[in-house]
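These protein sequence lines are chains A and B, in that order.
So for the first sequence, this note's numbering puts the first residue at 1; every next one is plus one.
So for the second sequence, this note's numbering puts the first residue at 108; every next one is plus one.
Each residue gets a CB set at the ideal place from its N, CA and C atoms; glycine is no exception.
Quantities reported herein were computed from a predicted structural model and do not represent experimental measurements.
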Amino acid sequence: MTELFGYILISIGMLFNISGCIGLVRLPDVYNRLQAATKCVTLGTILLLAGAALAVGSGAIAAKAGLCAVFILITSPTAAHAIARGAHSAGVALTDKSIIDRYAEEK
Amino acid sequence: MIIIFCTGLIICSLLCLYRIGRGPTAADRIVSIDILGIVTVGFCAVMTLVTKQDFYLNVALAWALLSFIGTLALAKFLEGRNFDD
Chain A
1 MTELFGYILI SIGMLFNISG CIGLVRLPDV YNRLQAATKC VTLGTILLLA GAALAVGSGA
61 IAAKAGLCAV FILITSPTAA HAIARGAHSA GVALTDKSII DRYAEEK
Chain B
108 MIIIFCTGLI ICSLLCLYRI GRGPTAADRI VSIDILGIVT VGFCAVMTLV TKQDFYLNVA
168 LAWALLSFIG TLALAKFLEG RNFDD
C-alpha cells in the first residue's frame, strides 16, 4: 500500500517535470521560461524524492530525501531570482506581448 | 515501471538540452542548466528505487549543492560583474 502510494507520487511528479520542461521549450522569453520551469520542476522533483522515500520505506532514505527536498525548496527560488535579476541587468528584452515592466520603472 | 520513469526524465533532459543548444540568449542557457541539474536530482531519486540503498541520495545532495553554486556564479557573471565583487 505504501509502495503503491509512492509510485503514484512519482508519477504525479513526473507529469510536473515534463510539463515544466515543455514550458521551458514553448514559452516566448527568458522570464516566462524561468517561471514555468522553476516552479514545475521544483515541485516535481520534491514529489519524486517523497515518492522514492515512500516506495523504498527505509528510515535513512526518508531522512536524506527530506533533507534534499528542503534544500531544493530553498535554493531553487534563490537561483531563479538571481538569474532573473542578472538577465534584466544584462538587458535581455521582454517578449512583445508583455504590457508592463515594474522592475525597470523602479530602478 | 522504472523504465517509464527513466524515459520521462530522459525526455525532460532532452527538452532542456534542446533549449541549451537553441536558446537565443545566454540567460536561456543558464536557466536550462539550472533545470537540468534539478532533473538530475530527480534521476538520483528514481535510481534509489532500483538499488534500494541510500548512496544515490548522497549524490543527489551534492549535485543540488553544486548546481546551485554554479547557477549563482553564472548569474553573477551574466550581470556583468566579476567573481570577486
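Less than 8 Å separates the beta-carbon of A/Tyr7 from that of A/Ala55. Burial state of A/Phe5 is exposed, judged by a 10 Å Cβ sphere holding fewer than 16 other Cβ atoms. Residue-level contact by beta carbon holds for B/Cys123 and chain A, with a gap shorter than 8 Å. For A/Tyr103, the closest Cβ of chain B is not nearer than 8 Å. Taking 9 Å as the cut-off between beta carbons, the residues of the segment 9 to 20 of chain A near chain B are Ile10, Ser11, Gly13, Met14, Leu15, Asn17, Ile18 and Gly20, in sequence order.
Rounded to whole angstroms, the Cβ separation of B/Ile142 and B/Cys123 is 5 Å, and the two are in contact under 8 Å. Membership of A/Lys64 in the alpha helix (DSSP H) is indicated by the continuous run Gly59 to Ser89. Close partners of A/Leu67 in chain B (Cβ separation under 9 Å): Leu164 and Leu168. Burial is judged here by how many other beta carbons sit within 10 angstroms of a residue's own beta carbon; A/Arg33 has at least 16 and is buried.
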